[in-house]
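In what follows, a single structure is set out as structure tokens and then discussed.
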Amino acid sequence: QRTGVALDASLLGRLSGLGGLKDSSCQPGNLGPFRAALPGRPLVVGDETLLWDALDAGWIGTISGVANVMPGWLSTIVREYPSESARTKFEMALPAIRRVKSAVQPATHKEILRRMGVIPRADVRLPLLPPASAEVDEVVRELRAIGVKG
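No gaps in the numbering here: position 23 of the sequence shown is 38 in the numbering used here, and each next residue is one more.
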């Protein structure tokens with residue numbers, strides 16, 4: 016997604032030394048073909064909105080930016096998969112996941128972590144700028160709606 020270079024399953028299948036894969040393409044159509052191309056290898060999704068579909072396709076979880084501010088939710092979903100409880104938690108968390116992902120990053124993650132008391136400062140280095148307080152407030156409201164303290 017960030018590089019503009021798309022990988023396809025046939026290329027991945029030819030990379031016999033590939034020990035595993037994180038796919039951040041945000042392409043749900045990759046889940047099945049990538050799993051088929053890399054049988055038995057650990058696959059993780061970068062787009063947390065695809066987590067449930069990735070688990071359904073045999074992936075093992077996510078390497079997640081959103082987990083900075085809601086680690087308990089995502090780890091519980093992965094740990095409890097495929098239970099109905101995990102599915103319910105994923106559906107409850109999805110609006111918050113989408114809202115966190117839509118905010119400017121990493122500045123919003125840092126400000127939320129500062130508000131939580133996890134880090135003392137939320138400074139970002141130039142050329143990054145701090146997020147608008149109103150935007151962080153909106154993200155925090157979405158997180159609080161599912162019980163995440165922000």
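We put the beta carbon where it would ideally sit given N, CA and C, even for glycine.
Remember, it's a predicted structure, so these values are computed and weren't measured experimentally.
### Query
Just checking, does the stretch 56-66 make contact with the stretch 32-42 on the three C-beta pairs under 8 Å criterion?
yes
#### Entry: DSSP-derived helix/strand/coil call for G44
helix
### Message
Which residue marks the beginning of the beta strand (DSSP E) containing V59, and which one marks its end?
### Response
58-60
### Message
Measuring only the C-alpha atoms, how far is L26 from K164?
### Response
43 Å
### Message
Between L89, R156, T77, G44, which has its C-alpha nearest I127's C-alpha?
### Response
Nearest of L89, R156, T77, G44 to I127, Cα basis: R156.
### Task
Identify which residue in V84, N83, T77 has its Cα closest to the Cα of I92.
T77
### Task
Check the DSSP bridge columns for D38 and list the partner residues they point to.
DSSP, once it has assigned bridges, lists V60 as partnering D38.
### Message
Just verifying my parser: in three-state terms, what is the DSSP assignment at T123?
### Response
Three-state DSSP puts T123 in a helix.
### Task
Look up T91 in the DSSP assignment and say whether it is helix, strand or coil.
Residue state for T91 is assigned as helix, using DSSP reduced to three classes.
### Task
Please name the residue, chosen from Q42, L141, S98, R102, that lies closest to V20 on a Cα-to-Cα basis.
Taking the Cα of V20 as reference, the smallest distance to any Cα among Q42, L141, S98, R102 is reached at Q42.
#### Entry: Endpoints, alpha helix (DSSP H) assigned at P110
99-117
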